[in-house]
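What follows is one structure encoded as C-alpha cells, with my remarks underneath.
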Amino acid sequence: MSDLADFVLDFCRAVGGVVEPPAYGVYDVLLPDPVAAQLGIEPLQRFAFGEAEGDADVADLVYGHPLVERMAELARLIPACARFYINDVRLDKTGLAALARAAFSFPNATLVEVPRTLETRAMFHYLRFNFKAALLSDEKHEHIASVLMNAQTGTVMPDFSTAEGYRLAESPAFTDMAAAPAQWTTAPGPLTPEPLRALLDRAARAAVDSLTAPVAALQARAARHLELDRARLESYYADLERDLERRLKRADPSALPSVAGQADETKRANLESKLAAARADHAAKLADADAKYRLRVELDLINLAVIAQPKLTLPVRIENRLAVVTRAVVWDPLRHRIEPLACEVCFRPFIKLFLCANNHLACADDLAPQCVDCKRVYCKLCAHELAACVVCDRPVCQKSLTRCRDCGRGTCREHAGLCHAANGRPQKIAAAAEPPAPPKPSPVPAPPQPKRPLARDLSAAQPRPKLKAPPPPPPRSEPRDPGYRLDVRVENDEPAVVAFVLAKGDRIIAQREWKLTGEGILVNCNCEKGRE
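Numbers in my numbering are just positions in the sequence shown, counted from 1, shifted up by 653.
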C-alpha cells in the first residue's frame, strides 16, 4: 500500500469512519456525516489508489486530487494528540515520611505525619505541550519548544531522559487505579477543560522562558541593525532639513522689495510646508524602523501528549504555632525520588519552602516582608495582611498593628504613642545608622626577656645514665562492632548539618538536624524516643 493510501485510510479511521478490507483494490469507506459535509462528499465512498478498472462509483485518488487536498487541510486542523502509559515501575516503597523529612526543608515549620494514614497508590499525569515558536523581527526564526507539565501540581517538570522515554507504552497495565486529584485547583479532575487551559498558559510562559538564548541573540542582532538604520535616517533627514532651513533664510521677505517679497512669501510658505512634512516623515520612518526590529514571539500548539504514571502518595502536615497545611508527599518510582512541592505563588517546584501565616507554602523569592513585632511570615498573596508603621515605615502585620484611639493611625509596638507627637502628625524616625567599627588595637610588644647565663656543658665530663626501656603496654583487645555507624552530612545549598545513626542494612535508627535560621539554631531530633 502506498503512502497516499496510508494517509487517506488512516485519516478516515481517525475521524471515526469505518474502512472495509479491499476487494479488487477498492476500499468501501463510511464517513461520519459532519466529516462528509466538511469534505463535500457523500458519507458512503469507494476509494481506489490507481488500481480501479474505471467504475463510475469509485473515486480513484492520486496526489493533487481535490479530495486529498481537502483531507490534508482538515487533518492540519486536528491536533495530533496521544496518550501514553508508564507501566514498568515498582510500587513497594515504604517510609515516605522519613524520606520527606530528609528531602524537604521548612525553615519556619515542621513536617509531621498525619495519624492513621498509609501510603496509597494513585495514577498521576504528565502533559507534554509541543509548540512551534516563531521569533519575528526583520527576520523570522522558527523553533520547536517542548514543555512537560505535572497535571497534579501544575508545575513544570524536567524532561524525561532517554532511558525513561523508552518506557512509554500505548496500553495501561494498572487499570483499576484511581486518578490522583489536582493539588492546585478545585476542578473535579486534572484533565478537565478548565485546568487544561490554565496548564496551557503556564506551559506557554515556560516555552518562552526556554527560548532565552535565541531571543537574546536575535535581540542583539536587531539592536545592531536598528542602530544602523536610525543612523542612516538621521543623516539623510538632517541633510534634508538643513537644506530647507538654509533656503528659508534666503527667502526672508523683510530684506526684499514688496513685489518680489510677495513671490518669496509664497515660496517661503512652500518651504515651511516641505520642512514640516520632512520632519513628520522623519518621525514616521523612525517609528517604522522601531516596529520593524521589535522582537515578537508567537507560539502555536502543535500537539499534546498525556502520559499516565502510577505513584505512591502519603498525606503529611506542615505546621508551626501559627498555621498548618496538609499536603501529599509523592514518591516517583521512575526517578526514585520524592517530588518537590510547588510554591503557591509562582507555581515552581522547590525543596525549601516557607509556611505562610495564612496556610500557604511559598519559596524565598515570593515572601512578603516579615512583621517586625510578631515575626509572622507572609507570602506575596497575603501582602494585604501587612501595613507600614507611620513612624518608622517598617512592616507590621494587621494582628500586631497598634491603632491609636485618637488619630486612628497604626504603629508598631516600639513607637506606640508617637503617631501624632509632631503637632498632630507622626514623628518620623530615621533608621539608626550603624556605629563605625572601632579601630583594631595595635599589638602590644612583648617585654624583653632577661638573658640567662650560659650553662656549662657537663656532658663531656659526666657520662649520661642509660635509660631503661619502658615496659611494653598490655595487649589490647580488638574493639567490638557496636552494630551501628554514624553518617554526618553537610548540606551545600543551605546552612544545615544532618547526622544519621545507621544500623545494618543502612536502616535509620535516629536522625538529628542542626539548621541555622534567622532566629537561631534549630535542632530537630527523630529517634526511638520520639520527635523533639
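Quick reminder that beta carbons are idealized off the backbone N, C-alpha and C, glycines included.
None of the values given here were measured: they were computed from a predicted structure.
Residues that DSSP places opposite residue i in a beta bridge
i: C1050; result: L1039
i: F782; result: V800 and L957
i: F1003; result: L994
i: Y680; result: F700
i: I971; result: L764 and V978
i: W984; result: L965 and I991
i: L744; result: Paired residues: none, contrary to the question.
i: L1034; result: Paired residue(s): none; L1034 is not in a bridge.
i: L1155; result: R1138 and I1161
i: R949; result: L789
i: R1078; result: A1075
i: S758; result: K1005
i: E795; result: A787
i: V672; result: V682
i: V1044; result: The partner list for V1044 (beta bridge, DSSP) is empty, contrary to what the question assumes.
i: I739; result: L821
Coarse secondary structure for residue i, derived from DSSP in three states
i: E1166; result: strand
i: D659; result: helix
i: C1065; result: coil
i: T1055; result: strand
i: A856; result: helix
i: A750; result: helix
i: R810; result: Sequence inspection shows Met at residue 810; the Arg mentioned does not correspond to that position. M810: strand per DSSP, three-state reduction.
i: S790; result: coil
i: F664; result: helix
i: R774; result: strand
i: A733; result: coil
i: V1025; result: coil
i: A851; result: helix
i: D934; result: helix
i: V715; result: coil
i: L924; result: helix
i: A831; result: coil
i: L727; result: helix
i: A1108; result: Low per-residue confidence applies at A1108: pLDDT is 48, beneath 50, and the placement is therefore not dependable enough to give any value.
i: A1015; result: strand
i: A942; result: helix
Test: residue i CB closer than 8 Å to a CB of chain C
i: D663; result: Among the chains of the structure shown, chain C does not appear; only one protein chain is present.
Within 8 Å, strictly: CB atoms of residue i and residue j
i: L939; j: E898; result: no
i: L1014; j: V982; result: no
i: P1079; j: R1062; result: yes
i: F782; j: M802; result: yes
i: A835; j: M776; result: no
i: C1057; j: C1072; result: yes
i: L1020; j: I971; result: no
i: A950; j: H778; result: Per the sequence shown, residue 950 should be read as Val rather than Ala. It is not a contact, given that the beta carbons lie outside the stated cut-off.
i: I1017; j: L975; result: At residue 1017 the sequence reads Ala, which differs from the Ile that was named. No, Cβ-Cβ distance for A1017 and L975 is not below 8 Å.
i: R736; j: P963; result: no
i: S863; j: A787; result: no
i: L948; j: V868; result: yes
i: V1151; j: E1166; result: yes
i: V668; j: V682; result: no
i: A922; j: Y890; result: no
i: V661; j: V721; result: yes
i: F664; j: T808; result: no
i: A826; j: Y738; result: yes
i: D953; j: K785; result: yes
Buried or exposed by the 16-neighbour rule on C-beta atoms within 10 Å, applied to residue i
i: A1114; result: Residue confidence for A1114 is low, a pLDDT of 49 falling below 50, so the modelled location carries little weight; the figure read from the coordinates is stated next. Under this definition A1114 is an exposed residue.
i: H989; result: exposed
i: E1087; result: Only weak support exists for where E1087 lies, its pLDDT of 49 falling under 50; the value from the coordinates is given anyway. With fewer than 16 Cβ atoms within 10 Å of its Cβ, E1087 is classed as exposed.
i: W984; result: buried
i: E823; result: exposed
i: A690; result: exposed
i: N761; result: buried
i: I731; result: exposed
i: G748; result: exposed
i: A933; result: exposed
i: H1068; result: buried
i: Q805; result: buried
i: I1174; result: exposed
i: V969; result: buried
i: G1070; result: exposed
i: V711; result: buried
i: Y677; result: exposed
i: C996; result: buried
i: R754; result: buried
i: L1169; result: exposed
i: Y1137; result: exposed
Contact test: residue i Cβ vs the ligand FMN heavy atom, cutoff 7 Å
i: E898; result: No copy of the ligand FMN appears in this structure; indeed no ligand is present at all.
**OP:** Please go through the stretch 859-896 and give each complete alpha helix (DSSP H) segment of 4 or more residues, from N-terminal end onward.
**Re:** none
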